[in-house]
Amino acid sequence: MCHRPFGGLLSSTDHTPRLLRVALPTPLRRLFDYRPCREVPTCGWRPGLRVKVPFGRRQLIGVVVECPERSDVPDTQLKSVLACLDDAPLPDDWWWLCRFTARYYQHPLGDTIAQALPVALRQGRPLQARHQERWIARDGDTGPLERAPRQAELLAMLRQHPRGLMTRAITAQGFTRAQLEGLQAKHLVECHEERLTATEEESGSRLAEPSLPLTREQAGVLAEIHEGLERYHPCLLHGVTGSGKTEVYLQLIEAVLARGRQALVLVPEIGLTPQTLTRFRQRFRVPVVALHSGLTDLERLDAWDAARTGRAPIVIGTRSAVFTPLAAAGVIVIDEEHDGSFKQQEGLRYHARDLAIARAHRENIPIVLGSATPALETLAQARSGRYRHLRLTQRANRHAPARLELTDLRGRHRQGGLIAPAIEAIRQTLNAGNQVLVFINRRGFAPTLACHACGWLAECPHCDARMTLHRQPQELVCHHCDFHRPLPDACPECDSGDLRPLGSGTERTEETLAALFPETPVHRIDRDSTRRKQAFEDILREIRRGEPSLLVGTQMLAKGHHLPHVTLVVVVNADAGLYASDFRALEHSAQLLVQVAGRAGRAEHPGRVLVQTLHPDDPNLRLLADSGYEALAGQLLEERRLAGLPPYRHLALVRFEAAREQHVTEFATAAAEALREWLVTQDASVTCLGPVPAPMERRQNRYHMQLMLSDTRRSALHRACAWLVQWLDNHPDSRRVRASLDVDPQTLS
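Going by the UniProt record's numbering, the sequence shown runs without a break in its numbering and finishes at 749.
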């Protein structure tokens, strides 16, 4: 076995090769050479085949990348492949995307492949769909069953279902497999094997229910997208909340299916997947499969295989679904394209939206990016003409979107974070028989616990952060490292018993509202209240009954949920992103405000949005309230252009972390000096800033520093990143200081 840096194009060969170069799931930026095993796969040795190989004392599953003519070490030192796991290579579109991702994000190819494969395939499971058994009753006499009453009952049940029943449905009724096999031996039933995700029987229409009538704006937008159905055609569908973007997606996909092609739909959160799945399955009479982290490994493999073989014309999933192979790709839809959840923040730090755009370009298909609050990068592309900018300015219900009403918090008494005008508006809305959404983007009871005598604050011993007070159960929790500690009986500094919660979180607001409106149900929706499986869906089902109720939630509620009975939204505090150090903070804060405001007035009653703030005269907040998101986005784009920030300049962020502050400082400084020296020799235009401490310097008892690279040209930035990554890997201190590269970072934390 030897190792080599990965790179270059894939190659294949028609004869049995001497060597196989394999990508393995390791953090090493290398490929490994092996001799082929004696058993030759049906298709012959070629790139894309999964193989089991020895690696030290372990056995790993890797993928053949190329078949080179020679290796750098003698044959006697090369190990042989233990087994080939596939009869055919992995799909070409998947292969291309993995190689592109590894190259663009400067990530090891082997680990990229591992991230892009379903877990079951990483573990060596055969690449084939699972089957299920359908039992169907045959016509005939039941005479032989006089002494087998349970078999007779089973046969009677099967005859009530002419299309048969699955084994699982039969055993759920208390029958056994032995009874089924007994009927089969008597030729009274027959068993058919079919795939878990099978293509539906052909019918006169692919639609299970008719399409909804379109507004003039929707029809115009759909017509413009249709102009590019046979080519790469990037479109920004910029529609206000409630304008019917989903109906445009549905009718676009109907046209794609009519051409015999497949659709890939990406949504930002797993919480949106059931809602989207339901909508699509109600509309289409074809298999619609889901891909997200809530599935079991085998369920995910079934869905992946159904998409790969074309048995699933519609694939819906979260960010990792961008790696799903499609037999006949026809369109990609990115719903809520601005959402930060599309960016992976650990390990392989890819952005699913950007990979989807690259994939659509390579496969020459249209891609639709939908949002009421587009990311500034996307908006800049639309304004430059690279993307077609399509607008939906009116809601489908004809009501104008609710405007933001800024309410001054200064000098006012608060109950659970709410001032008197907000509480009165809530009371009036409930009396009218409607629902209220109270938005507070902080979990727990209060942001921290403080001593009223000496000013002590409950701080995490492992992070530069304050601990959040929770009441359910009663404890202090660090939301950065998940450290838990019981509530102190007295102040650890002055021994005072006067400990008070500072600020409000979802639990405190929930408690306050329950006391103010004891006759009204209060539903809290945050990460803590929805840990139990199906808990989120159960709460949403209760809400959609339409009875007067109060919803207290974090940004989980702001993302695309249709809440038709909500007519009032109260934002407890809108100031979190106004003056943050991250240059994207105001953009993200404005998007969140507009998205949560969009939950109000989505049905027959108009909506109202109250935004509590300590800075009602802030020019950015005032511009957002008076003129809307696009006006603020235009101003932010101009500020970014003048400051040389994305999207007018491209960034890469190198993060360093170590257990000792001295180690991380010395290593980051050495890396920055080495890079600057190399840039001088290359006469490169790349700017190198730092190193500087991260916004939270100490986290989980590790110290963090950052180095930022920027340039107006991606090519120059990537060359510098490639050199720096190689330097970091080869430096002896890389064993005690962890370094990671984030290309196109979405946050500087």
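Ideal Cβ placement from N, Cα and C applies to all residues, glycine included.
- Taking just the CA atoms, how far does G140 sit from V189? 10 angstroms
- Please report the residue range of the alpha helix (DSSP H) in which C98 lies. 92-104
- Message: When you compare the CB positions of V64 and C37, do they come within less than 9 angstroms of one another, or not?
- Response: no
- Name the residue from A402, E254, A372, G628 whose alpha carbon lies nearest to the alpha carbon of L222. E254
- Would you mind working out which of R427, L252, P732, C454 sits nearest A219, comparing C-alpha positions? L252
- Message: Short of 6 angstroms in beta carbon distance, which residues of its chain neighbour V743, apart from the five on each side in sequence? Order them along the chain.
- Response: Y105, A652
- Query: Is H233 near L392, with beta carbons less than 9 angstroms apart?
  - Reply: no
- DSSP puts G239 in a beta bridge; with which residues? L392
- Message: For a test of the three-state rule: what should DSSP assign to M556, helix, strand or coil?
- Response: helix
- Query: Of the residues L31, R21, L85, T520, which one's Cα is nearest the Cα of T42?
  - Reply: L85
- Item | F517 in three-state terms, based on DSSP | coil
- 8 angstroms CB neighbourhood of F342 in its chain, flanking five on each side removed: L266, P268, R319, I334, H351, A352, R353
- Item | Alpha-carbon to alpha-carbon, L476 and E630 | 40 angstroms
- Query: Is the CB-CB distance between A396 and R283 below 9 angstroms?
  - Reply: no
- Task: With DSSP as the reference, label K245 as helix, strand or coil.
- Result: helix
- Query: Using the rule of at least 16 other Cβ atoms within 10 Å of the residue's Cβ for burial, across every protein chain shown, is Y579 buried or exposed?
  - Reply: exposed
- Terminal residues of the alpha helix (DSSP H) in which D86 lies: Element bounds for D86: n/a, residue is neither H nor E.
- Message: On the DSSP letters alone, give me the boundaries of the beta strand (DSSP E) that Y703 sits inside.
- Response: 702-711
- Query: Roughly how many whole angstroms lie between the Cα atoms of K186 and R159?
  - Reply: 15 angstroms
- A172 by DSSP, collapsed to three states: which one? coil
- Looking at C-alpha atoms only, which residue of L24, R261, T309, A558 is the closest neighbour of L61? In the sequence as displayed, the identity of residue 61 is Ile instead of Leu. Among L24, R261, T309, A558, the Cα nearest to that of I61 belongs to L24.
- Item | beta strand (DSSP E) segment containing V570, residue limits | 566-571
- Assign M467 to one of three DSSP states: helix, strand, or coil. coil
- Message: For a test of the three-state rule: what should DSSP assign to W456, helix, strand or coil?
- Response: coil
- Going by beta carbon distance, what residues of the same chain come within less than 8 angstroms of P745, once the five residues before and after it are set aside? R349, L651, A652, L653
- Let me know the secondary structure DSSP gives R719 once reduced to three states. helix
- Message: So Q591 and H338 are supposed to be a Cβ contact under 8 angstroms. How far apart are they, rounded?
- Response: 6 angstroms
- Task: Measure the alpha-carbon distance for A576 versus F55 and round it to whole angstroms.
- Result: 49 angstroms
- Could you tell me how far apart the beta carbons of V570 and V438 are, in whole angstroms, since I believe they sit closer than 8 angstroms? 5 angstroms
- Using a Cβ-Cβ cut-off of 8 angstroms (strictly less than) and excluding sequence neighbours within five positions of A514, which residues of its own chain qualify? V522
- For G220, which of helix, strand or coil comes out of DSSP? helix
- Message: Three Cβ pairs or more, each shorter than 8 angstroms: is that satisfied between the region 421-436 and the region 548-565?
- Response: yes
- Sort A446, R500, A490, A453 by Cα distance to C478 and report the nearest one. A446
- Query: Within 10 angstroms of its Cβ, does L689 collect 16 or more other Cβ (buried), or is it exposed?
  - Reply: exposed
- Item | Alpha-carbon spacing of Q128 relative to L298, whole angstroms | 11 angstroms
- Query: Thinking just about the alpha-carbon of each residue, which of V51, P27, L28 is nearest to the one in Y34?
  - Reply: V51
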